[in-house]
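To start, the structure itself, in structure tokens.
2 protein chains.
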Amino acid sequence: MLSFEERINSKMNSLTISERKVVEQLKMHEQPFLLSMNELSLLSKVSEPSVVRLYRKLGYASYQELKVALAQEQVNNRFTLIANDNDIKDDDLADIVFDKMADQLATAMSMTKEKINVQQMEEAVQIISKADRLFFFGQGLSGNIAEDGAHKFMRMGGTTIAVKDPHYQAIYANHMSKDDVVIVISHSGETVNIIEVVKMSQKNGAFVIVITSNSNTTLAQMADTLLLTQAQETEKRSDAMVSRLVQLALIDTLFTRVVAIGGSYVKEAINRSRLAVTRMKK
Amino acid sequence: MLSFEERINSKMNSLTISERKVVEQLKMHEQPFLLSMNELSLLSKVSEPSVVRLYRKLGYASYQELKVALAQEQVNNRFTLIANDNDIKDDDLADIVFDKMADQLATAMSMTKEKINVQQMEEAVQIISKADRLFFFGQGLSGNIAEDGAHKFMRMGGTTIAVKDPHYQAIYANHMSKDDVVIVISHSGETVNIIEVVKMSQKNGAFVIVITSNSNTTLAQMADTLLLTQAQETEKRSDAMVSRLVQLALIDTLFTRVVAIGGSYVKEAINRSRLAVTRMKK
DNA sequence: TTTTTTATGTAGTAAAATTACAAATAAATT
DNA sequence: AATTTATTTGTAATTTTACTACATAAAAAA
Numbered sequence: 474m475l476s477f478e479e480r481i482n483s484k485m486n487s488l489t490i491s492e493r494k495v496v497e498q499l500k501m502h503e504q505p506f507l508l509s510m511n512e513l514s515l516l517s518k519v520s521e522p523s524v525v526r527l528y529r530k531l532g533y534a535s536y537q538e539l540k541v542a543l544a545q546e547q548v549n550n551r552f553t554l555i556a557n558d559n560d561i562k563d564d565d566l567a568d569i570v571f572d573k574m575a576d577q578l579a580t581a582m583s584m585t586k587e588k589i590n591v592q593q594m595e596e597a598v599q600i601i602s603k604a605d606r607l608f609f610f611g612q613g614l615s616g617n618i619a620e621d622g623a624h625k626f627m628r629m630g631g632t633t634i635a636v637k638d639p640h641y642q643a644i645y646a647n648h649m650s651k652d653d654v655v656i657v658i659s660h661s662g663e664t665v666n667i668i669e670v671v672k673m674s675q676k677n678g679a680f681v682i683v684i685t686s687n688s689n690t691t692l693a694q695m696a697d698t699l700l701l702t703q704a705q706e707t708e709k710r711s712d713a714m715v716s717r718l719v720q721l722a723l724i725d726t727l728f729t730r731v732v733a734i735g736g737s738y739v740k741e742a743i744n745r746s747r748l749a750v751t752r753m754k755k
Numbered sequence: 474m475l476s477f478e479e480r481i482n483s484k485m486n487s488l489t490i491s492e493r494k495v496v497e498q499l500k501m502h503e504q505p506f507l508l509s510m511n512e513l514s515l516l517s518k519v520s521e522p523s524v525v526r527l528y529r530k531l532g533y534a535s536y537q538e539l540k541v542a543l544a545q546e547q548v549n550n551r552f553t554l555i556a557n558d559n560d561i562k563d564d565d566l567a568d569i570v571f572d573k574m575a576d577q578l579a580t581a582m583s584m585t586k587e588k589i590n591v592q593q594m595e596e597a598v599q600i601i602s603k604a605d606r607l608f609f610f611g612q613g614l615s616g617n618i619a620e621d622g623a624h625k626f627m628r629m630g631g632t633t634i635a636v637k638d639p640h641y642q643a644i645y646a647n648h649m650s651k652d653d654v655v656i657v658i659s660h661s662g663e664t665v666n667i668i669e670v671v672k673m674s675q676k677n678g679a680f681v682i683v684i685t686s687n688s689n690t691t692l693a694q695m696a697d698t699l700l701l702t703q704a705q706e707t708e709k710r711s712d713a714m715v716s717r718l719v720q721l722a723l724i725d726t727l728f729t730r731v732v733a734i735g736g737s738y739v740k741e742a743i744n745r746s747r748l749a750v751t752r753m754k755k
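Residue numbers (the working numbering), protein chains in the order written: chain V, 474 to 755; chain A, 474 to 755.
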């Protein structure tokens, strides 16, 4: 079903002057779907039949149909408007802050989804599944994400290690082999230590998956598989927070896929891990 | 603005038999916003004035207004329907998995937003701002969230400690004072250790903020400030992942607010922290 | 200039929404 | 049980809205 906007765009040059006046009013008005045909014709300074001819040209069977379409699309426009003014201000109270964050997160998630290369990602899933050892490398705040990821994959029963300390990362990198997989999390993508470590890991044959928020970085270029969060850099104060959440969601996605293709064996292993934790809590 | 559904629910018992027949038809019909009043009255087997009386009772000024509301909410219902089929299947490839996760996350975020008590949360922000020491308690996966939170608040320059080990938590709890604030993260809300630790902290006068996903838990009941993620338990495999992301977003919200009311002094402190990290990376 | 085409409006009609009021039903009072 | 009162519902008339047929005006083509 074509949207009002699309219909206008495709028919604009075949519209008469009077008809364009009506379009003008419809676009101008806050809530055009509340206007009667009479009101609309008065506002547009044209006759009612001109209004009729317009919506017929646009492919609506009745004035009601036009109004319904406008009402439904208004909802979408409203969402877009909110999403555009989602900069967090100092005098926004907690609920507003949270709401704006939700908006930014939703946007970031859909932008990230656009950038996903399914083939590459599924290939990465295969490689993780067959990996001898799985390393999560991250420093600072990204270190927490690394730990979170490791914590999850650990439950599958394989060798999974999170490394936050740059020296330890270097040591591990020096002893990698071709059956090892490294998942590197970096917000900036330019941390010198990490770049060195990745270089060394790859030299030793390890497969490197990079999760970062910018494709124009040294780290991104080196990746065997690159997982990008966000396509646009908006320089908002909350950007780092949001991209962190998206990074976690990406790791969750990897995990979900690895479990899915792993079959019953893997699922049982995870179940055993869960039971082990539950037992301990008693 | 109340939704049609909400209006019905709040007015249902004050509706007459004829009026309920109309509601019945509106709910039944695929596209009720395309019905004329005459059609609707015929379908409902009542007179037209009965239809008028119904929408007046529901607070709509005209039949057109009711139709517009129904048309707009139909869009939402459509989204909800899509959102309801977002169970992640084993044969969903990575991009689909990620997409469904984004959907679930968006739903969870908006459900959480509904549950936010602004006054209480802003009060918590004030208390955190004035706190002598700030503790983040969490075990297992929630421990990573605790560390993430601590990492962030730490940059403000105060005393901020993440504690993942139950024994350490117990020790800290025993030495709390009335100027201490504890933020407890727990998915289940029933972890025995954590409950004991919270009890002890409160006994010593500490203020306890609980972040969990269910209000019917022991931990939730004990909270001085309760931050709930999700209102509804759907028992999906991905629920834990999603609620973890929402928990992080809640902590980000707290942090954003604390920084906002802290003014220039706090912002400078954070800036110094950032520079310190940047310098180290060179 | 005349003819043809295109654009627009006038006036009337049909349909839809709304109102005033009365009939019917149910509840309360005597 | 009868009468009054209140509530619910519908009938019929009125107003408003959407739509149509046709005429006029303006523009383009012959």
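The beta-carbon is built from N, C-alpha and C at its ideal position, and this holds for glycine as well.
Under the rule that 16 or more other beta-carbon atoms within 10 Å means buried, what is residue i, buried or exposed?
i: V:Gln612; result: buried
i: A:Tyr641; result: exposed
i: A:Arg747; result: exposed
i: A:Thr698; result: buried
i: A:Thr633; result: buried
i: V:Pro505; result: buried
i: V:Ser686; result: buried
i: V:Gly678; result: exposed
i: V:Met474; result: exposed
i: A:Arg628; result: buried
i: V:Asn486; result: exposed
i: V:Met582; result: buried
i: A:Lys494; result: buried
i: V:Arg710; result: exposed
i: A:Ile618; result: buried
Please list, in chain order, the chain A residues whose beta carbon lies closer than 7 Å to that of residue i.
i: V:Leu566; result: Val591, Glu595
i: V:Met757; result: Outside the shown range of chain V, which is 474 to 755, sits residue 757 of chain V, and nothing can be said about it.
i: V:Pro638; result: The question names Pro, but residue 638 of chain V is Asp in the sequence shown. By Cβ distance, chain A contributes nothing, its closest Cβ being about 13 Å from V:Asp638, past 7 Å.
i: V:Glu620; result: Asn617
According to DSSP, simplified to helix, strand and coil, what is residue i?
i: V:Thr632; result: strand
i: A:Thr585; result: helix
i: V:Arg710; result: coil
i: A:Leu700; result: strand
i: V:Gly735; result: helix
i: V:Thr726; result: helix
i: A:Thr664; result: coil
i: A:Gln705; result: For A:Gln705, the predicted model reports a pLDDT of 46, less than 50, meaning its position is unreliable; a value from the coordinates is still stated below. Three-state result, A:Gln705: coil.
i: V:Val671; result: helix
i: V:Thr685; result: strand
i: A:Val655; result: strand
Is residue j closer than 8 Å to residue i when the C-beta atoms are compared?
i: V:Phe610; j: V:Ile682; result: no
i: A:Val524; j: A:Ile734; result: no
i: V:Ser659; j: V:Ser716; result: no
i: A:Val654; j: A:Ile601; result: yes
i: V:Asp652; j: A:Met714; result: no
i: A:Thr580; j: A:Leu701; result: no
i: V:Gln577; j: V:Asn559; result: yes
i: A:Leu607; j: A:Gly630; result: no
i: V:Ala646; j: V:Met673; result: yes
i: V:Val591; j: A:Ala567; result: yes
i: V:Gln545; j: A:Gln547; result: yes
i: A:Val719; j: V:Thr729; result: no
Name the chain V residues whose beta carbon is nearer than 7 Å to that of residue i?
i: A:Ile561; result: Thr729
i: A:Ala604; result: None at all; the shortest Cβ gap to chain V is about 17 Å.
i: A:Leu721; result: Leu718
Using the beta-carbon of each residue, which ones in chain A are nearer than 9 Å to residue i?
i: V:Ser583; result: Asp572, Ala575
i: V:His624; result: Gly613, Leu614, Gly616, Asn617
i: V:Lys586; result: Asp568, Phe571, Asp572, Ala575
Using a Cβ cut-off of 8 Å, pull out every chain A residue sitting near residue i, in sequence order please.
i: V:Phe757; result: Here chain V covers residues 474 to 755 and nothing more, so residue 757 of chain V does not appear.
i: V:Glu741; result: The contacting residues do not exist; V:Glu741 stays about 15 Å from chain A at best.
Name the chain V residues whose beta carbon is nearer than 9 Å to that of residue i?
i: A:Asp653; result: By Cβ distance, chain V contributes nothing, its closest Cβ being about 22 Å from A:Asp653, past 9 Å.
Strictly below 8 Å CB to CB, what residues from chain V border residue i?
i: A:Asp697; result: Chain V residues near A:Asp697: none, gap ~16 Å exceeds 8 Å.
Would you list, in sequence order, the uninterrupted beta strand (DSSP E) runs of no fewer than 3 residues that lie entirely inside the stretch 560-624 of chain V?
606-611
Fully enclosed by the stretch 489-528 of chain V, which alpha helix (DSSP H) runs are 4 residues long or longer?
490-501, 510-517
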